[in-house]
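Asks: For the sequence shown, the working numbering gives the first residue as 68, with consecutive numbering after it. The structure is given below, and queries will be raised subsequently.
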Amino acid sequence: MGNSLLQNAREFLTHLSESSGVSGHETSIASLIKEQFGRISDEVESDKFGNVYALKKGNINVNGKIMLAAHMDEIGLMVKKIDSRGFLYFATVGGVDPRTLISQEVFVHGRQTFPGVIGSLPPHLLHSQDLEQAIKMEELVIDVGLSAEKAQELIQVGDVVTLRREVYPLLNDLLAGKSLDDRSGVVVMMVCLEELARLHHAHDVIAVATTQEEVGIRGAMTSTYTLNPDLAVAIDVTHGSTPDTKGQVKIELGKGPAVALGPNIHPAIYRQISETAQEHRIPIQIEPIPGHSGTDAWAIQVSRAGVPTGLISIPLRYMHTSVETLDLHDVLNSGKLLAYFIASLPDDLEGLLCY
Numbered sequence: 068m069g070n071s072l073l074q075n076a077r078e079f080l081t082h083l084s085e086s087s088g089v090s091g092h093e094t095s096i097a098s099l100i101k102e103q104f105g106r107i108s109d110e111v112e113s114d115k116f117g118n119v120y121a122l123k124k125g126n127i128n129v130n131g132k133i134m135l136a137a138h139m140d141e142i143g144l145m146v147k148k149i150d151s152r153g154f155l156y157f158a159t160v161g162g163v164d165p166r167t168l169i170s171q172e173v174f175v176h177g178r179q180t181f182p183g184v185i186g187s188l189p190p191h192l193l194h195s196q197d198l199e200q201a202i203k204m205e206e207l208v209i210d211v212g213l214s215a216e217k218a219q220e221l222i223q224v225g226d227v228v229t230l231r232r233e234v235y236p237l238l239n240d241l242l243a244g245k246s247l248d249d250r251s252g253v254v255v256m257m258v259c260l261e262e263l264a265r266l267h268h269a270h271d272v273i274a275v276a277t278t279q280e281e282v283g284i285r286g287a288m289t290s291t292y293t294l295n296p297d298l299a300v301a302i303d304v305t306h307g308s309t310p311d312t313k314g315q316v317k318i319e320l321g322k323g324p325a326v327a328l329g330p331n332i333h334p335a336i337y338r339q340i341s342e343t344a345q346e347h348r349i350p351i352q353i354e355p356i357p358g359h360s361g362t363d364a365w366a367i368q369v370s371r372a373g374v375p376t377g378l379i380s381i382p383l384r385y386m387h388t389s390v391e392t393l394d395l396h397d398v399l400n401s402g403k404l405l406a407y408f409i410a411s412l413p414d415d416l417e418g419l420l421c422y
C-alpha cells in the first residue's frame, strides 16, 4: 500500500474531521470536499440541498451511471436558550449521547465562532446518590465566558455547536477524532476516484457527499432521485469490536472493510464485491444486516423504481463520540475495493443486476 496514498488519506481525513458541518449546516465542509474532488474528477457540482457530486467519466460511451454515496454531515448541538447569566442551554442534532458531553470543549457558531466548554458540578458538591444517576441533557450548559447581554447580542437561539477536537494519531496507523462517521467514507470515495484514474471502467461514476444523513438520510433521498443511477454503493462506518461490546460486535479494525448483505443489499452487488475482493486479495469482513442498515443505502435502494444497492462499511470504535477510532488501512482498502469493483462491471449491467 503506497505511502503517498496513505499520507493523502490521512491529511484529507484530518482536514475533514477537524472542520465543522452539523446536519443542515454543511456549507463549510462541502467547500473543502468540492475543492479536493475538483482535482481528481471531471466535473464537480452541488445541488440546492447541499449534496456534492463528483463525476468520473467512463472510458466508453455506454451511458451507465454508478453512484457512490457517503455523508459529510456530523452530529452536533443547537442553542435553545440563553439564560440570565449568559449560559447556553442546547438540544441535540442527531444521535448525541449526553454521557460523552461532560467536560468537552466546543465551538459555538454565532455571529463569529466562539470557544466554549460544557462543565459539570464538581464531585465535592454532589450527594453520593447523584453520582450514580444518568446525565440529563437539560442539565448541561455551555459556558462561553460572555455576559448575558453580550451572549444575546452575538449568539442566537438556533445557532449550532460543534465539538472541538483535533485528530489524535494512535499507533499502527489508527486515528481518533470526531466525525470520522462518515467523513472517512468521503475519503474512501477520494481514494476510489484516484484509483480509477489508472483503471479501465466502462461506466460513469458519480461520487456524492450527501447531507443530513444523521437526521434522516435526507441527502441520499434527493441525490438518488436526481441521478437515477443504474446501481449504487453507499459507504459508511460500522461498529468495531471493543471489550465492552462483550462479543456482540464481530467486526474488527484492521481486517478490512465490512461488506453488508441482507434485504437492503442487492445480492448480485454483494457477490461481485466479494469476488472482487478475493481476486485482488483485499481483506473483507462479512456483515449480515437483517433489517434497516441505518445508512444512506436504505434511502438509495427505494428511490424511484428502485436502485440495486451495495454497502461497504469502515470498522469504527466509539461511534458518535469525539474519539471515534479507525484504521487508515481499512479506509484505503475500501477505496481500492470500490475502484476494482467498478472496473469489473460489464458494459451491459442488466444481466448482472436481474434477479
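All C-beta atoms, glycine included, are put in the ideal place defined by N, C-alpha and C.
Let me know the secondary structure DSSP gives histidine 270 once reduced to three states.
Replies: Coil at histidine 270, not helix or strand.
Asks: In terms of residue numbering, what span does the beta strand (DSSP E) encompassing threonine 388 cover?
Replies: Segment: none, threonine 388 is in no beta strand (DSSP E) and carries neither H nor E.
Asks: Please report the straight-line C-alpha distance between proline 165 and leucine 294, rounded to a whole angstrom.
Replies: Roughly 38 Å between the two C-alpha positions.
Asks: Would you give the residue range spanned by the beta strand (DSSP E) that leucine 241 belongs to?
Replies: 241 to 244 is the extent of the beta strand (DSSP E) around leucine 241.
Asks: For methionine 139, which of Glu85, Phe181, Thr159 has the nearest alpha-carbon?
Replies: Nearest C-alpha to methionine 139: Glu85.
Asks: Any idea if lysine 123 is buried or exposed, counting beta-carbon neighbours within 10 angstroms, 16 or more meaning buried?
Replies: Buried: at least 16 other Cβ atoms inside 10 Å.
Asks: Does the Cβ of alanine 301 have 16 or more other Cβ atoms within 10 Å, making it buried, or fewer, making it exposed?
Replies: Per the 10 Å Cβ criterion, buried.
Asks: Give me the Cα-Cα distance between serine 98 and glycine 143, rounded to the nearest whole angstrom.
Replies: For serine 98 and glycine 143, the distance between alpha carbons rounds to 19 Å.
Asks: Which residues in the same chain have their Cβ closer than 6 Å to the Cβ of methionine 204, if we skip the five residues on either side of it in sequence?
Replies: So the qualifying residues of the chain are Pro165.
Asks: If we require 3 or more residues per run, which beta strand (DSSP E) segments fall completely within the stretch 333 to 367?
Replies: DSSP runs (the beta strand (DSSP E)) wholly in the stretch 333 to 367: 352 to 355.
Asks: Could you tell me whether the Cβ atoms of arginine 384 and threonine 309 are closer together than 8 Å?
Replies: Yes, they are a contact pair.
Asks: Is it a yes or a no for the stretch 383 to 401 touching the stretch 254 to 264, going by three-plus beta-carbon pairs under 8 Å?
Replies: Because the criterion of three Cβ pairs below 8 Å is met, the stretch 383 to 401 and the stretch 254 to 264 touch.
Asks: Tell me which residues share the same chain as lysine 322 and place their Cβ nearer than 7 Å to its Cβ, disregarding the 5 neighbours each side in the sequence.
Replies: If we look at lysine 322 and ignore the five residues flanking it on each side, its Cβ neighbours are Pro350, Gln352.
Asks: Where do the N-terminal and C-terminal ends of the alpha helix (DSSP H) with aspartate 249 fall, by residue?
Replies: Here the alpha helix (DSSP H) through aspartate 249 covers 247 to 263.
Asks: Could you say if the stretch 150 to 166 and the stretch 205 to 215 meet the contact criterion of at least three C-beta pairs nearer than 8 Å?
Replies: Judged by Cβ distances under 8 Å, the stretch 150 to 166 makes contact with the stretch 205 to 215, as three or more pairs qualify.
Asks: If serine 370 and alanine 136 are in contact, beta carbons under 8 Å, what's the gap, nearest whole angstrom?
Replies: 11 Å between Cβ atoms; not a contact.
Asks: The alpha helix (DSSP H) that contains alanine 325, what's its start and end?
Replies: Unbroken run through alanine 325 is the beta strand (DSSP E), 325 to 328; no alpha helix (DSSP H).
Asks: I'd like to confirm the pairing. Which residues does DSSP put opposite histidine 138 in its beta bridges?
Replies: In the DSSP output, where bridge partners are listed per residue, histidine 138 has Thr277.
Asks: If you reduce the DSSP assignment to three classes, tell me which class phenylalanine 157 lands in.
Replies: Reduced to three states, the DSSP call for phenylalanine 157 is strand.
Asks: What does a CB cutoff of less than 8 Å around leucine 72 pick up in its chain, not counting 5 residues either side in sequence?
Replies: So the list reads Val258, Glu261, Leu399, once near-sequence residues are dropped.
Asks: Since I believe proline 375 is in contact with histidine 333 (beta carbons under 8 Å), could you give me their beta-carbon distance rounded to a whole number of angstroms?
Replies: Going by Cβ atoms, the distance from histidine 333 to proline 375 rounds to 4 Å, so yes, they are a contact pair.
Asks: Taking proline 382 and glycine 307 to be in contact with their CB atoms under 8 Å, please state how far apart those CB atoms are, rounded to whole angstroms.
Replies: Contact holds; Cβ gap of about 4 Å.
Asks: How many whole angstroms separate the CB atoms of glycine 131 and aspartate 297, which I take to be in contact at a CB cut-off of 8 Å?
Replies: The Cβ separation is near 5 Å, so the contact holds.
Asks: Keeping to the same chain, check which residues put their C-beta closer than 6 Å to that of alanine 121; ignore five residues upstream and five downstream.
Replies: Counting only Cβ-Cβ distances below 6 Å, and skipping sequence neighbours, we find Phe104, Ser108, Val111, Ala274.
Asks: Could you tell me which of Ser95, Asp249, Leu405, Ser389 sits nearest to histidine 176, measuring between CA atoms?
Replies: The residue with the shortest Cα to Cα distance from histidine 176 is Ser95.
Asks: For the beta strand (DSSP E) that glycine 373 lies in, which residues bound it at each end?
Replies: It is not in any beta strand (DSSP E) - glycine 373 carries neither H nor E in the DSSP assignment.
Asks: Name, in chain order, the residues that DSSP records as bridge partners for glutamate 93.
Replies: Paired residues: none, contrary to the question.
Asks: Report the CB separation of glycine 161 from glutamate 281 in whole angstroms; it is logged as a contact under 8 Å.
Replies: So it is a contact: roughly 3 Å between Cβ atoms.
Asks: Considering only DSSP beta bridges, list what histidine 306 is partnered with.
Replies: BP columns for histidine 306 point to Leu383.
Asks: Consult DSSP for alanine 201 and reduce its assignment to one of helix, strand or coil.
Replies: Correct three-state label for alanine 201: coil.
Asks: Given aspartate 363, which residues of its chain have a CB within under 8 Å of its CB, disregarding the five upstream and five downstream residues?
Replies: Here the set comprises Ala136, Ala137, His138, Thr277, Glu280, Ile284, Gly286, Ala287, Ala301, Asp303.
Asks: Where do the ends of the beta strand (DSSP E) carrying lysine 148 lie?
Replies: Here the beta strand (DSSP E) through lysine 148 covers 143 to 149.
Asks: Per DSSP, lysine 132 forms a beta bridge with which residues?
Replies: DSSP output for lysine 132 lists Asp271 as bridge partner(s).
Asks: Using only CA atoms, which one of Leu420, Val119, Leu405 lies nearest to leucine 263?
Replies: Looking at the Cα atoms, Leu405 is the closest of the given residues.
Asks: Let me check understanding here. Comparing Cα to Cα, which of Ile133, Lys403, Thr180, Asn128 lies closest to serine 341?
Replies: With distances taken between Cα atoms, serine 341 lies closest to Lys403.
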